[in-house]
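Heads up: take any position in the sequence shown, counting from 1, add 30, and you land on our numbering.
Don't be surprised by glycine CBs; every beta carbon is placed ideally from N, CA and C.
Predicted model only: the values in this text are computed from it and were never measured.
These notes are about the structure you will find just below.
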Amino acid sequence: MTDISKLGVGGTTYTIKDESARTSSQNAVNASEYARQIDTDTYAGQSLAALFAGEIANYANVWAWLRARVRAGNFAGMRTKDYIDLTLTNGNNVRYRIGDFDPYLYCGDASKGHHVVMVPSAPVAVTGADAVNGSYIVWNETATNQGTAENAHPYLVSNLHRWETEVYYPMLPQIVRDCILNQRVLLETRYSASGALTASNNWAWADLGPVWSPSEMEVYGCCVWGTPGYSVGFDCQFDIFKKTKDRIQGSRISWWLRSVSGLSSSYVCYVDSYGIAYYYTPAYAWVRPLPCFLVG
31 MTDISKLGVG
41 GTTYTIKDES
51 ARTSSQNAVN
61 ASEYARQIDT
71 DTYAGQSLAA
81 LFAGEIANYA
91 NVWAWLRARV
101 RAGNFAGMRT
111 KDYIDLTLTN
121 GNNVRYRIGD
131 FDPYLYCGDA
141 SKGHHVVMVP
151 SAPVAVTGAD
161 AVNGSYIVWN
171 ETATNQGTAE
181 NAHPYLVSNL
191 HRWETEVYYP
201 MLPQIVRDCI
211 LNQRVLLETR
221 YSASGALTAS
231 NNWAWADLGP
241 VWSPSEMEVY
251 GCCVWGTPGY
261 SVGFDCQFDI
271 FKKTKDRIQG
281 SRISWWLRSV
291 SGLSSSYVCY
301 VDSYGIAYYY
311 TPAYAWVRPL
321 PCFLVG
């Protein structure tokens with residue numbers, strides 16, 4: 031197609047192509063299309079590194095740029111599901127997508143600043159000594175969902191959380207770790223010196239650390255198999271999980287939650303590969319982790 035930008039009349043050349051107007055018009059068309067995709071939940075996300083390459087050039091890396099943007103509360107141009115790809119120290123690639131913007135802003139026993147939730151696009155394959163059945167992990171080595179006398183939070187004493195903090199977190203590139211904001215939540219407790227409990231019996235503010243698994247509330251927007259009240263805490267549903275299909279993203283791989291069952295003294299909660307909310311023994315060896323973190 032011919033693209034005429036200038037016109038000569040009587041020996042004088044006139045500019046007839048308004049690049050600024052064309053750019054503004056195209057940006058409006060793009061914004062309208064992205065809005066349509068978001069409304070129909072067909073938006074697949076865009077690479078933040080490509081989308082904001084001009085801005086990022088002024089920073090050490092894309093993660094440093096994202097942290098600066100987030101701390102300033104400047105989310106302009108970013109959308110849920112936009113992503114950054116990273117490579118773990120074991121050589122595996124993981125795509126991290128924006129899961130929500132400021133879901134816990136100013137909340138908690140210690141006010142939380144601006145943040146974005148970063149969520150893997152698929153459950154992460156486990157490697158090394160913690161891997162079972164090739165690439166899965168057990169929530170606990172034995173069938174228990176109880177806390178202990180020293181730490182009454184079942185999740186914080188789980189094998190899953192040990193792996194997240196002691197194994198997975200060190201595998202993240204240093205430039206990512208430098209930008210992570212530790213998560214602190216109102217977390218369910220379950221412990222009694224007199225015996226195992228079938229439901230959580232309290233809650234308390236607790237540090238999850240830099241990497242953690244979502245709760246039932248953060249995925250489904252309600253308590254399903256957990257303990258009503260205590261398992262919800264101050265959590266809310268993340269935007270990225272609003273529809274059932276969003277919870278498995280076509281991978282059809284089950285993944286663990288941090289919530290424990292409110293109907294059993296041994297079962298814990300997870301997202302089933304069929305997209306349903308479910309619970310089962312924490313020693314089940316066909317479930318993967320979904321290690322999330324905050325940037326802020």
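* Go through its chain and collect everything with a Cβ distance to Val162's Cβ below 7 Å, but skip five positions before and after it. => The residue given as residue 162 occupies position 132 in the sequence shown. Val168 and Ala315, listed in sequence order.
* To do: Compute the beta-carbon to beta-carbon distance between Tyr136 and Ser77, rounded to the nearest angstrom, for a pair I have assumed lies under 8 Å.
  => If you number the sequence shown from 1, residue 136 lands on position 106. If you number the sequence shown from 1, residue 77 lands on position 47. With 8 Å as the limit, Tyr136 and Ser77 do not qualify as a contact, their Cβ atoms being about 30 Å apart.
* Assign Ala51 to one of three DSSP states: helix, strand, or coil. => Within the sequence shown, residue 51 is the residue found at index 21, counting from 1. Low confidence applies to Ala51: its pLDDT is 45, below 50, so where it sits in the model is not reliable enough to give any reading.
* To do: Since I believe Pro200 is in contact with Arg318 (beta carbons under 8 Å), could you give me their beta-carbon distance rounded to a whole number of angstroms?
  => Position 288 of the sequence shown, counted from the start, is the residue given in the question as residue 318. Position 170 of the sequence shown, counted from the start, is the residue given in the question as residue 200. Wrong, their Cβ atoms sit about 19 Å apart, outside the cutoff.
* Asked: For Pro321, does the three-state DSSP call read helix, strand or coil?
  -> Working through the sequence shown from its first residue, we reach residue 321 at position 291. In the three-state reduction of the DSSP assignment, Pro321 falls in the coil class, being assigned neither a helical nor a strand state.
* Taking only the alpha-carbon atoms, compute the straight-line gap between Gly326 and Asn212 and give it to the nearest angstrom. => The count along the sequence shown starts at 1 and reaches residue 326 at position 296. The count along the sequence shown starts at 1 and reaches residue 212 at position 182. For Gly326 and Asn212, the distance between alpha carbons rounds to 9 Å.
* Could you give the distance in angstroms between the alpha-carbon of Asn91 and the alpha-carbon of Phe268? -> Along the sequence shown, one-based indexing puts residue 91 at 61. Along the sequence shown, one-based indexing puts residue 268 at 238. Taking the straight line from one Cα to the other gives about 26 Å.
* Asked: If you follow the beta strand (DSSP E) that Met148 is part of, which residue opens it and which one closes it?
  -> Within the sequence shown, the letter at position 118 stands for residue 148. Residues Val146 to Pro150.
* **Burial state of Lys142 (16 or more Cβ within 10 Å)** => Mapped onto the sequence shown, residue 142 falls at position 112. Looking at its Cβ environment, which holds 16 or more other Cβ atoms inside 10 Å, Lys142 is buried.
* Asked: Would you report the Cα separation of Gly103 and Ser261, rounded to the nearest angstrom?
  -> Here the question's residue 103 lines up with position 73 in the sequence shown. Here the question's residue 261 lines up with position 231 in the sequence shown. For Gly103 and Ser261, the distance between alpha carbons rounds to 29 Å.
* Asked: Cβ of Asn231 less than 8 Å from any chain D Cβ?
  -> Of the protein chains in the structure, only one exists, and it is not chain D.
* To do: In the DSSP assignment, find the beta strand (DSSP E) that holds Trp235 and state where it starts and stops.
  => Stepping through the sequence shown from its first residue, residue 235 is reached at position 205. Start and end: Asn232 to Gly239.
* To do: Give the DSSP-derived three-state secondary structure of Gln56 in the structure shown.
  => Counting from one through the sequence shown, the residue named residue 56 turns up at place 26. Any reading at Gln56 must be qualified, since the residue scores a pLDDT of 47, below 50, and its modelled position is unreliable; the value itself is stated next. In the structure shown, Gln56 sits in a helix (DSSP, three-state: H, G or I).
* Taking the alpha-carbon positions, what's the Gly292 to Tyr310 distance? -> Locating residue 292 in the sequence shown gives position 262, where the first residue counts as 1. Locating residue 310 in the sequence shown gives position 280, where the first residue counts as 1. Taking the straight line joining both Cα atoms gives about 12 Å.
* Measuring CB to CB, does Leu216 end up less than 8 Å from Leu118? -> Residue mapping note: residue 216 aligns to position 186 of the sequence shown, counting from 1. Residue mapping note: residue 118 aligns to position 88 of the sequence shown, counting from 1. It is not a contact, given that the beta carbons lie outside the stated cut-off.
* To do: State the DSSP-derived secondary structure class of Ile167, mapped to helix, strand or coil.
  => In the sequence shown, counting from the first residue as 1, residue 167 sits at position 137. In the structure shown, Ile167 sits in coil (DSSP, three-state: anything other than H, G, I, E or B).
* **Burial state of Ile278 (16 or more Cβ within 10 Å)** => Here the question's residue 278 lines up with position 248 in the sequence shown. Classification of Ile278: buried, given that the 10 Å Cβ count is 16 or more.
* Please report the Cβ distance between Trp233 and Gly263, rounded to the nearest whole angstrom; I am assuming they are in contact, meaning their Cβ atoms lie under 8 Å. => Start at 1 with the first residue of the sequence shown, and residue 233 comes out as number 203. Start at 1 with the first residue of the sequence shown, and residue 263 comes out as number 233. About 6 Å separates the two Cβ atoms, so the contact holds.
* Identify, in the order they occur along the chain, each residue of the same chain with its Cβ nearer than 7 Å to the Cβ of Phe79, setting aside the five sequence neighbours on each side. => As a position in the sequence shown, residue 79 is number 49, starting the count at 1. According to the sequence provided, residue 79 is Ala. The question's Phe does not apply to it. Around Ala79: Ile86, Val92 and Ile114.
* Asked: What did DSSP end up calling Trp93 once you bin it into helix, strand or coil?
  -> Working through the sequence shown from its first residue, we reach residue 93 at position 63. Looking at Trp93 - three-state DSSP - the assignment turns out to be helix.
* **Three-state class that DSSP yields for Tyr136 in the structure shown** => By one-based count along the sequence shown, residue 136 stands at place 106. It is coil, neither helix nor strand.
* Where do the N-terminal and C-terminal ends of the beta strand (DSSP E) with Glu218 fall, by residue? -> Translated into positions along the sequence shown, residue 218 becomes position 188. Element bounds for Glu218: Gln213 to Thr219.
* **Residues near Leu302 by beta carbon distance below 8 Å, same chain, minus five either side** => As a working note, residue 302 is residue 272 in the sequence shown. Checking the sequence, you will find Asp at residue 302 rather than Leu. Once the five neighbours on either side are set aside, the close Cβ partners of Asp302 are Ser284 and Tyr308.
* To do: Work out the CA separation of Asn122 and Tyr134 for me, nearest whole Å.
  => Your numbering for residue 134 matches position 104 in the sequence shown. Your numbering for residue 122 matches position 92 in the sequence shown. Roughly 30 Å between the two C-alpha positions.
* Cα-Cα separation between Ala74 and Thr42, rounded to whole angstroms -> On the sequence shown, position 44 is the one that residue 74 refers to. On the sequence shown, position 12 is the one that residue 42 refers to. Computed Cα separation, rounded: 49 Å.
* **Best match in Val290, Trp286, Glu248 and Ile306 for proximity to Asp130 [C-alpha to C-alpha]** => Within the sequence shown, residue 130 is the residue found at index 100, counting from 1. Comparing Cα positions, the closest option is Glu248.
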